[in-house]
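Using the numbering used here, read the sequence shown as starting at 23 and increasing by one per residue. Every residue gets a Cβ at the ideal spot worked out from N, C-alpha and C, and that includes glycine. Presented below is the structure to which this report refers.
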Amino acid sequence: MAKSAGFCFGVKRAMDMALEAAKRFPGHLYTLGPLIHNPQAVEYLDQLGIKVRDRVESILKGTVIFRSHGVSLRDFKKAREKGLHIIDATCPIVKRARFFVKFLHRHGYSLLIVGDPHHPEVEAIQSYIDKGVEVVEDVEAVKRLGPWEKLGIIAQTTQSFGLFKEIVATSLEMAKETRVFNTICHATTIRQKEAVEIAKKVECMIVVGGYNSGNTQRLAGICREIQPHTYHIETAREINPRWLAKVEKVGLTAGASTPSWIISEVEVEVRRIKGL
Ligand code: SF4
23 MAKSAGFCFG
33 VKRAMDMALE
43 AAKRFPGHLY
53 TLGPLIHNPQ
63 AVEYLDQLGI
73 KVRDRVESIL
83 KGTVIFRSHG
93 VSLRDFKKAR
103 EKGLHIIDAT
113 CPIVKRARFF
123 VKFLHRHGYS
133 LLIVGDPHHP
143 EVEAIQSYID
153 KGVEVVEDVE
163 AVKRLGPWEK
173 LGIIAQTTQS
183 FGLFKEIVAT
193 SLEMAKETRV
203 FNTICHATTI
213 RQKEAVEIAK
223 KVECMIVVGG
233 YNSGNTQRLA
243 GICREIQPHT
253 YHIETAREIN
263 PRWLAKVEKV
273 GLTAGASTPS
283 WIISEVEVEV
293 RRIKGL
């Protein structure tokens, strides 16, 4: 079992803020998009009266919680204009990445964000810059976009460090000046390193987390490169006993948005199947 499995600091902080808000501001309490990328946790929040809305426009009054990924500048302004009570649970590490993007832009650098262009965190960071920012997911995209005079690079906080290094190395050959801020979250790096170490030692690896969770998908991908018998599941019910049939060592880790109760249920189920 990975020690780093489960909620990271930013997600735990956002969850705590939401639970506190449910007590203090009941009724008309919303999150802009699911608070975390975990359907089971979102369902739990729904039972407490915290409803998900995908657009600021559909919130007429009350309190809106900004999730740990942050929100776009447009949504932030709109929520303020509408007079909504805002609880900003944006992770400070995401805010730091946003700060560096603005800093580089102000100093005349073209910008690359290494990440998933459709991830809400990346979309939100990108929204603070009007133009001159590209999101890249692989080295090929960098080769297509260059060359540059002055290039600034940051990463989505949950990016794989390996890919970030590759893209930085390629960019160094394509810009006269390159300035890099490593905005990958430390919690993500530790989680990925620990997962790699565990995957090397086991015959089957189980990665728990929402299918819509980018960091869980990446974690599963990294593990699969080392241990092909890697399975990404959301809940204990999905474990297929056949995966564990001839296996003596099972590794278990989970994404940053996976609640501890789900991880425990998976562990209990693995032990039950193996008769431990
Ligand atoms: S993974 Fe890191 S940056 Fe993202 S919410 Fe968690 S602590 Fe913050």
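- In the DSSP assignment, Val136 forms a beta bridge with Val158, Ala177.
- The DSSP-derived three-state label of Tyr233 is coil.
- Taking C-alpha positions only, Arg96 is separated from Lys271 by approximately 49 Å.
- Note on His129: under 16 other CB atoms within 10 angstroms of its CB, so exposed under the neighbour-count rule.
- Using a Cβ distance threshold of 9 Å, Asn237 and Ala278 count as a contacting pair.
- Here the stretch 57-67 lies against the stretch 215-233, with 3 or more beta-carbon pairs under 8 Å apart.
- Residue pairing by DSSP places Lys73 opposite Tyr52 in a beta bridge.
- By the neighbour-count criterion, in which 16 or more other beta carbons inside 10 Å mark a residue as buried, Val290 falls on the exposed side.
- Sequence-distant partners of Ser282 (beyond 5 residues in either direction) whose C-beta falls short of 6 Å from its own C-beta, in its chain, are Gly28.
- DSSP, read as helix, strand or coil, puts Gly243 in helix.
- Using a Cβ-Cβ distance cut-off of 8 Å, the stretch 158-174 and the stretch 124-138 are in contact, since at least three pairs of beta carbons, one from each stretch, lie closer than that value.
- With respect to Arg240, Gln148 sits apart: the two C-beta atoms are not nearer than 9 Å.
- In the three-state reduction of the DSSP assignment, Leu167 falls in the helix class, which pools H, G and I.
- Listed in chain order, the non-local C-beta contacts of Thr275 below 6 Å within the same chain comprise Ala24, Ala27, Ala217, Val229, local neighbours out to five positions each way being set aside.
- Annotation: His141 to Thr205 spans about 16 Å, alpha carbon to alpha carbon.
- Around the CB of His208, fewer than 16 other CB atoms lie within 10 Å, so the residue is classed as exposed.
- Taking 9 Å as the cut-off, the beta carbon of Thr252 is found no closer than this to the beta carbon of Glu287.
- Taking 9 Å as the cut-off, the beta carbon of Thr112 is found no closer than this to the beta carbon of His127.
- If you ignore the 5 residues before and after Ile72, its C-beta comes within less than 8 Å of the C-beta of Ala40, Ala43, Ala44, Leu51, Tyr52, Thr53, Leu57, Ile87, all in its own chain and listed in chain order.
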